[in-house]
Each structure stands twice: as structure tokens, then as C-alpha cells.
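Going by full-length UniProt numbering, the sequence shown opens with residue 1, and the numbers climb by one from there.
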Amino acid sequence: MKLLLIDDHPVVLNGTKALLDHDEQWSIDTETNPVFALELLRRETYDCCLLDVNMQPINGIQLAAELREISPGTRLILYTGYDLKDYYDLLIKRKVDGLLSKTATKEQVNHTISAVLRGDLLVPAEFLDYIARKMTAGKTAGSSSLPEKERTILKLVAEGFTNKAIAVEIGVSQRTVENYLTKIFTHLQVESRAEAVNKAKDAGLLD
């Protein structure tokens, strides 16, 4: 089985590869640049890709959407250091095939990849609780209000601020802004800054 690991942090990327290298069933390639990863997927066929969430210039959610178009048969697993429940909607809408925490053990990583390649889905018990709450509430993720910090960032995006300018404006690092934007994209079920602003305006979230 051919795996492609995509993460713009070389140390994390090499650590993930080390978790899998012992297993002879995997043939593993790595890429730190998501744009180069897209080019690679146009030339090569992979059974599964592990995608970091927060990358530049394309984040993992945007990359997953593009990979779906380029290589629809490739299984996609979002690999994140953040709370997995922030990305449950991506599973529900089949934008990704699995979720993995960067704190996962070697066994958990192997089990998740193997399950995804079989067409199965390994999820924590709280995922079922999440589904039940969504059904009971009768709401989509995009219809609820945004936390104040995320609303502030989205307003600045709407005003044309770059990520770097937003970071200066609110006194955080650019990476923190990127993390917030990734959560906003997931919450609103969008894949770009323009889509996020338009959907938030339509929902009255920026008023």
C-alpha cells in the first residue's frame, strides 16, 4: 500500500513516518509543501494520504477538497494536533475518510489507516454523541454563532486584512490566526476565505 504523508513541519513529518516505517505493508512518501503534494498526486497513485490541518499556502481542508478532485480513489485522513471534534463535520460530509490525533500511538495510527483502507470508519464514542446532538438540534454547523474571537478574525478578513495583518491587529502569532481560520472553515463548512465571509454574512454572523 502506498501512503503519502503531508505536513509542513519536517520534525512532525519524520516522526509520523518513523511510526509507520516498521511495517513492511506500507510504501511511504513524504511531502512538506501541499502545492508540491498536489503535483505529486497528479503523477502518482496513492492508496491513502495523511494531511496536516494547518499548512501554508494551502491548509489541510482545502488540500483534501483538491485531492478529492485529482485522485478520488485515494483515502484521506486529517492528522491534527487539535481537538478531533472540531472536524467531525468533515467526516459527516465525506470530505475526509478519517481523523487522527497527533498524540495517537503507533497502534492507533496503524489501526486507523488500515480501517480507512478497508472502507471502515474508526471514531471515538463522542462522535456518536455529536451526531445525536446535531439530529436533536436540527441545525447545521454553519447556522450557529461563532465564538467572539473567531467572529473578530472573520470581520477582519472581510475588511481585506491578510493573516499577518490580523495577527498584528489582535496581538497573536500568524500561526494562531491560521489555526482560527481553519476552525472557522470547518465550522462554516467552507474551503476559502471568500466562502467563509459570504456564508457568515448570509447567516448574519458578522452583524
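Where a beta carbon is used, it is the ideal one built from N, C-alpha and C, also for glycine.
Whole-angstrom distance between residue j and residue i, CA atom to CA atom
| i | j | result |
| --- | --- | --- |
| S145 | V35 | 33 Å |
| S114 | V190 | 28 Å |
| E148 | V96 | 28 Å |
| A165 | K199 | 22 Å |
| residue 256 | T74 | The displayed coordinates of the chain run from 1 to 207. Any statement about residue 256 would go beyond what the structure contains. |
| V109 | L100 | 7 Å |
| K2 | E24 | 11 Å |
| Y46 | S27 | 9 Å |
| K106 | C49 | 17 Å |
| V197 | D89 | 19 Å |
| residue 232 | L181 | No answer is possible for residue 232: the residues shown for the chain start at 1 and end at 207. |
| residue 210 | L76 | As shown, the chain starts at 1 and ends at 207. That puts residue 210 outside it, with no answer to give. |
| R133 | R43 | 42 Å |
Classification of residue i by the beta-carbon crowding that lies within 10 angstroms, buried from 16 upward
| i | result |
| --- | --- |
| A194 | exposed |
| N59 | buried |
| V11 | exposed |
| H187 | buried |
| D207 | exposed |
| T162 | exposed |
| residue 211 | Because the chain here runs from 1 to 207, residue 211 falls outside it and cannot be looked at. |
| G138 | Caution applies to G138, whose pLDDT of 48 falls short of 50 and renders its modelled position unreliable; the model cannot decide the point. |
| residue 209 | Shown here, the chain extends from 1 to 207; a query on residue 209 therefore has no answer. |
| K93 | exposed |
Cβ-based neighbour list, residue i, same chain, cut-off 6 Å, excluding 5 preceding and 5 following
| i | result |
| --- | --- |
| T16 | L5 |
| Y174 | The amino acid at residue 174 is misidentified as Tyr; the sequence shows Gln. Within the same chain, Q174 has close Cβ partners N163, K164, A167. |
Proximal residues to residue i (C-beta, below 8 Å), its chain only, five neighbours per side dropped
| i | result |
| --- | --- |
| A104 | T112 |
| L40 | L4, D29, E31 |
Cβ shell of residue i (< 7 Å), same chain only, five flanking positions each side left out
| i | result |
| --- | --- |
| A69 | Note that residue 69 is Glu in the sequence shown here, rather than Ala. No residues qualify anywhere along the chain. |
Cβ contact check for the segment 80-97 and the segment 50-59: 3 or more pairs under 8 Å: yes
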